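> In our numbering, the protein residues as written are 682 to 1250.
We treat Cβ as the ideally placed atom computed from N, Cα and C, and that holds for glycine.
All values reported here derive from a predicted model rather than from experimental measurement.
My questions all concern the structure below.
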Amino acid sequence: MDKWQELIRDAITTPEKAGELLAVNAEELKEPIKKFPMRINSYYLGLIKKKGDSIWKQSVPDQEELNTSGMVDPLAEDEDMPVPGLTHRYPDRVLFYVTNVCAMYCRFCTRNRKVGNPASAVSSTQIQQGIEYIRSHPEVRDVILSGGDPLMLPDTRLEWIISQLRTIPHLELIRIGSRMPVTLPHRITPELVSMLKKYRPIHVNTHFNNTQEVTPEARQVCKLLLSAGITIGNQTVMLKGVNDKPHVMKQLMLDLISIGVKPYYVYQCDTTVGVEHFRTQISDSLKAMSGVKNFIGYLSTPYYVIDAPGGGGKIPIITKQVGKLGLEFMEVSSQEEVESVKANPKVRSVRITKDIDDPEFEQTVSMLRDFSKELIITVNSHAIVNNPTVITEEKADFFASMQPFWLNTAFSNAEQIEKTKPVLDMLEEKGVPLGNVTFLNGNETVQTMRKLVHELLKVGIKPYYIVANGENQQEKVKVGYRIIKSLRGFTSGLAVPHLMLDEGVKKTLLCPNYVVSHDDDKIVLNNYAGELYVYPEPVQDEGCFKPATKSLISESAEAKTGINVQLKI
Ligand SMILES: *Cc1c(COP(=O)(O)O)cnc(C)c1O
Ligand code: SF4
């Protein structure tokens, strides 16, 4: 038995043991854990600083879980299953349920109907069927291994699944949705990582919810994954009392970027039964997200989404974020300007506006790194696109030694990628996180951009931004909207960049508007396919669902969510 397996075996699962170790009333845990089991391993337990803190709230059962309002399967995942355990909702990607267990049972789990429930265990036949389904559906380019936590499977079993998937020629990307880097970093062993490395491109989507989780252990295993060329993204759920404050969310995003993890999505909490006490009012969520906007620079910014009740998919709800330079983010063009970074204690991230082939570039990076170990340094490089040989082995080593250092390539079409593959590989193998920024010229078509983003993902680069700057900004913004709208939902969310209007000191992130209306008790949303969905606001005293009002908009929204909706424009 490996260390991680022992830690799981010895986890707290009974009220008695919890009562002993946590100073809680064991009686009060009995009912909640009948509904959803408890499992707190000693690593995660060790992160608790005090009763009721963010780690405690995520792991220790609460009487509030007995509240019966909400939905059992809010995302209608079980309905969209062509074969058991495989949800095929979006055109080109599937969610593949490979296990029902986790290293820690998160009290807010959307899949609490299945997770930890022996009746939802996954059989070999089921996995085989899932693989065959993907094999016979050439439109599927992307699979997300999910659960439970796929990394609960022993290496041999996991390798069997992944190697089978890799025999499917049309499958481009394998994603693993795992909370192990957060809840039990011991699971990310060197053996696991070298196994995964053989099957790249592999992307790990993890789930940090609070800075208290960004520990030296977590940092170390993320580094291990990155240096095997495995990219890491993060999804966070907005949870009351855990991360629903602007400074907490901002700190979390910055901490993730510092460990090479790309903030991908932040979710409004689902309307799952037993999770009601974690839900925040949307206006409070937006306030918390406002903390993130000031450092948008050219760094990874998450999309704030509602996963539409009834199965409409993830819908972004923030249409505009304005960021100004000079708070947490600064641009530096010369060595002299390094002095202003030093003089401004608020700065957390710096973009160097020189390219990597500039003679002063490395010196500038070193000066910044000497000044601070934590400072996030980033650069947008055209040079690597135009002349890949600027990346020598020494340069790649230098970048690797300067972490947290993010290199953004500036590819504008898929054809440019081929000749840079060897240097991209080298950078990835050394653990340098890569993103891409495309500067729009206004003549892009949806087809060429679609091709570009998919090729980028195949070589392990996250498309971060498409940028409207310089001349003809309004035209470029229009093209940008068209591109985002044609990607969002239709293809992997990983492939969808942000649209940035860059006017120098002022940078604005723009997103198509999917919000139809928002009032006190609900938000009405259009999903990517133009269907209407409703997300109800939490109501503290009388359960989350308000009494029915007359429906004015959509029968289908009503049928899908079971909630009557009334449109207020
Ligand atoms: C979230 C999700 C995906 C992946 O969505 P991306 O936006 O590509 O990350 C795929 N299928 C289902 C059912 C999902 O819920
Ligand atoms: S790790 Fe994910 S699937 Fe497992 S309990 Fe936590 S939220 Fe649910």
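Listed by chain order, which residues have C-beta atoms less than 6 Å from any heavy atom of ligand 2?
783, 786, 787, 790, 792, 796, 828, 829, 830, 860
> Given the structure, does residue 775 come close to ligand 1, in the sense that its CB is under 8 Å from one of the ligand's heavy atoms?
yes
> Short of 8 Å in beta carbon distance, which residues of its chain neighbour residue 1000, apart from the five on each side in sequence? Order them along the chain.
1191, 1192, 1193, 1194, 1196, listed in sequence order.
> When every heavy atom of ligand 1 is checked, does at least one fall within less than 8 Å of the C-beta of residue 1175?
Set against 8 Å, the gap from the CB of residue 1175 to the closest heavy atom of ligand 1 is smaller.
> Cβ-heavy atom distance between residue 754 and ligand 1 below 8 Å?
no
> Could you compute how far the alpha carbon of residue 710 sits from the alpha carbon of residue 1136?
50 Å
> Return helix, strand or coil for residue 1181, following the three-state DSSP convention.
strand
> From which residue to which residue does the beta strand (DSSP E) around residue 1002 run?
That run of the beta strand (DSSP E) goes 1001 to 1005.
> Under the three-state reduction of DSSP, which class applies to residue 960: helix, strand or coil?
coil
> What are the boundary residues of the alpha helix (DSSP H) that includes residue 877?
871 to 878
> From the DSSP output, read off the bridge partner residues of residue 1187.
1005, 1184
> Residue 836 lies in the alpha helix (DSSP H); which residues open and close that run?
836 to 846
> How do the segment 748 to 757 and the segment 944 to 956 stand: do at least 3 beta-carbon pairs fall below 8 Å, yes or no?
yes
> What would DSSP say about residue 797, mapped onto helix, strand or coil?
coil
> Since residue 1087 sits in a beta bridge, which residues does DSSP pair it with?
1059
> Report yes if the C-beta of residue 761 is less than 8 Å from at least one heavy atom of ligand 1; otherwise report no.
yes
> Measuring only from the beta carbon, is residue 770 closer than 8 Å to any heavy atom that is part of ligand 1?
At least one heavy atom of ligand 1 is nearer than 8 Å to the Cβ of residue 770, so yes.
> Where does the unbroken beta strand (DSSP E) through residue 824 begin, and where does it stop?
823 to 827
> Per DSSP, which one or two residues make a beta bridge with residue 1032?
1012, 1059
> What residue range is occupied by the uninterrupted alpha helix (DSSP H) comprising residue 916?
Unbroken run through residue 916 is the beta strand (DSSP E), 912 to 918; no alpha helix (DSSP H).
> Give me the Cα-Cα distance between residue 814 and residue 764, rounded to the nearest whole angstrom.
7 Å
> Confirm the yes/no value for this check: CB of residue 995, any heavy atom of ligand 1, distance under 8 Å.
Answer for residue 995: yes, Cβ within range of ligand 1.
> Verify the contact flag: residue 758, CB atom, against every heavy atom of ligand 1, threshold strictly below 8 Å.
yes
> Mind reading off the beta-carbon distance from residue 897 to residue 947? Whole number of angstroms is fine, and I expect it under 8 Å.
In fact, because the Cβ distance is near 24 Å, the residues do not count as touching under 8 Å.
> Could you tell me which of 1182, 1009, 1020 sits nearest to residue 1155, measuring between CA atoms?
1182
> Just to confirm my understanding: we take residue 767, look at its own chain, exclude 5 residues before and 5 after, and list those with CB closer than 6 Å. What are they?
775, 777, 811, 814
> What residues in its chain sit with their C-beta under 7 Å from that of residue 936, if we drop five residues either side in the sequence?
Cβ within range, chain order: 892, 895.
> Taking the DSSP output, what are the residues bridged to residue 735?
According to DSSP, residue 735 bridges with nothing at all.
> Residue 691: beta carbon under 8 Å from a heavy atom of ligand 1?
Residue 691 Cβ: outside cutoff for every heavy atom of ligand 1.
> Going by the CB atoms, is the gap between residue 1086 and residue 1080 shorter than 9 Å?
yes
> So, for residue 1049: in the same chain, excluding its five sequence neighbours on each side, which residues have a beta-carbon less than 7 Å away from its beta-carbon?
1019, 1022, 1031, 1056, 1058.
> Is residue 823 a contact residue of ligand 1, with contact defined as CB to any heavy atom under 8 Å?
yes
> Give me the DSSP bridge partner(s) of residue 948.
918, 986
> Spell out the partners DSSP gives residue 997 in its beta bridges.
986
> For residue 1140, collect the residues of the same chain with a Cβ closer than 7 Å to its Cβ; drop the 5 residues on either side in sequence, then sort them by chain order.
Excluding five sequence positions before and after residue 1140, the CB atoms of its chain that fall closer than 7 Å to its own CB belong to 1098, 1102, 1105, given in chain order.
> Which two residues bound the contiguous beta strand (DSSP E) that contains residue 884?
883 to 887
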